[in-house]
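Note sheet for the following structure.
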Amino acid sequence: MQEILADQILTIKSLYKLPSSIINLEITETAVAHTPAILLKNMERLSKAGIELSLDDYGSGYSNMNYLLSLPFKMVKIDKYIVWAAHKDKRAATALAYTIKMIKALEMSVLAEGVETKEQADWLTELGCDYLQGFYFSKPIPKDDFIAVMKENSKNLTEEEKAPASENEFLKDIEAIDGIDDVEELEEI
Numbered sequence: 058m059q060e061i062l063a064d065q066i067l068t069i070k071s072l073y074k075l076p077s078s079i080i081n082l083e084i085t086e087t088a089v090a091h092t093p094a095i096l097l098k099n100m101e102r103l104s105k106a107g108i109e110l111s112l113d114d115y116g117s118g119y120s121n122m123n124y125l126l127s128l129p130f131k132m133v134k135i136d137k138y139i140v141w142a143a144h145k146d147k148r149a150a151t152a153l154a155y156t157i158k159m160i161k162a163l164e165m166s167v168l169a170e171g172v173e174t175k176e177q178a179d180w181l182t183e184l185g186c187d188y189l190q191g192f193y194f195s196k197p198i199p200k201d202d203f204i205a206v207m208k209e210n211s212k213n214l215t216e217e218e219k220a221p222a223s224e225n226e227f228l229k230d231i232e233a234i235d236g237i238d239d240v241e242e243l244e245e246i
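For the sequence shown, this note's numbering begins at 58 and goes up steadily by one.
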C-alpha cells in the first residue's frame, strides 16, 4: 500500500466534489496483515475526513480480533465462503451468529457477502446483518446501468427513505459518480 494513498483519494474526492458520506473504502484482511503501519496512517487520515472504512472478506484469512478493536472500521464484510458454509453446517452457523453479535457489540455494521437466495437473505437478516450483498439482489452491472437503476429507484423513495438527503442531493451524488469516466485521469492523480 502506498503512503500517499489517502492523499490521492482525498484529491479525487475534492476534484469531483464527492461528499464523504457516499464513499466507503473496503480494505481486505490481507492488506491489513501485510502493510499495517502504512495502512494505519492512511486509514486514520481517511477516517478523520469522514470516509467510512470496511474490513472486507472477514473470516477468509487472518481474522485477527485486534483489527476490529484497534482500527477505525465502521463496517465488517463477512466473506461469502463463511456465509455459504454457515448455511450448510450447524457449527459454521453458530460461529457466524456469534461473529455477527460480536461485531454489532463493537458498534460496527455487518454486511454478509455471497447471498444467493431469499432463504439466505431472510436468515442473515434474522441473525442481525445490517446489509446483504450477492447475486440474489443483482449480478455486477456496468456503471451506466447502475446509474440508470439508481435514478429510477430514487423516484420511488418515500420522504423518510430520502432523509437526510433530498432527492436532488442524491441525484447530484449519482451525477458526481457519473462524471468519473476517465480511469486514466484518476490514475494520474
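The beta-carbon is built from N, C-alpha and C at its ideal position, and this holds for glycine as well.
This structure is a prediction, so every number in the text was calculated from the model and none was measured.
Buried versus exposed call for residue i [16 or more other C-beta atoms within 10 Å across all chains shown]
i, result
"F192", "exposed"
"T249", "Nothing can be reported for residue 249: it is not among the residues displayed for the chain, which extend from 58 to 246."
"T174", "exposed"
"N99", "buried"
"L163", "exposed"
"Q177", "buried"
"I198", "exposed"
"P221", "Note that P221 scores 49 on pLDDT, short of 50, meaning its location in the model is unreliable and no value can be drawn from it."
Same chain only: Cβ atoms within 6 Å of residue i, ignoring 5 sequence neighbours per side
i, result
"L214", "none"
"Y275", "Outside the shown range of the chain, which is 58 to 246, sits residue 275, and nothing can be said about it."
Straight-line Cα distance separating residue j from residue i
i, j, result
"L62", "W180", "38 Å"
"Y115", "K196", "21 Å"
"V140", "T151", "11 Å"
"M165", "D202", "31 Å"
"G185", "E209", "29 Å"
"L103", "H144", "35 Å"
"V89", "S127", "11 Å"
"A154", "D113", "18 Å"
"E183", "F194", "17 Å"
"S117", "I157", "15 Å"
"I250", "K74", "Since the first residue shown for the chain is 58 and the last is 246, residue 250 is missing from the structure and cannot be characterised."
"S77", "D146", "39 Å"
"D64", "H91", "20 Å"
The alpha helix (DSSP H) enclosing residue i, as first and last residue numbers
i, result
"I49", "With the chain covering only 58 through 246, there is no way to say anything about residue 49."
"K208", "K200 to S211"
"E101", "P93 to K105"
"Y115", "From DSSP, Y115 is part of no alpha helix (DSSP H) but of the beta strand (DSSP E) over E109 to Y115."
"Y124", "M122 to S127"
"Q65", "L62 to L72"
"E183", "K175 to L184"
Contact set for residue i: own chain, Cβ-Cβ below 7 Å, skip 5 residues either direction
i, result
"A142", "A149"
Residue range of the unbroken beta strand (DSSP E) whose run includes residue i
i, result
"A169", "S166 to A169"
"N81", "N81 to T85"
"I135", "M132 to I135"
Cut-off 8 Å between Cβ atoms - residues of its own chain near residue i, not counting five sequence neighbours on either side
i, result
"E101", "P129"
"S120", "E86"
"Q190", "K134, L168, A169, E170, G171 and V172"
"L82", "I66, L103, I108, E109, L110 and S111"
query = Would you call the segment 68-87 and the segment 102-120 in contact, with 3 or more CB pairs under 8 Å?
reply = yes
Next item on the list: Spell out a yes or no on whether the segment 149-169 and the segment 131-139 are touching, meaning 3 or more CB-CB pairs, one atom from each, closer than 8 Å.
Entry: yes
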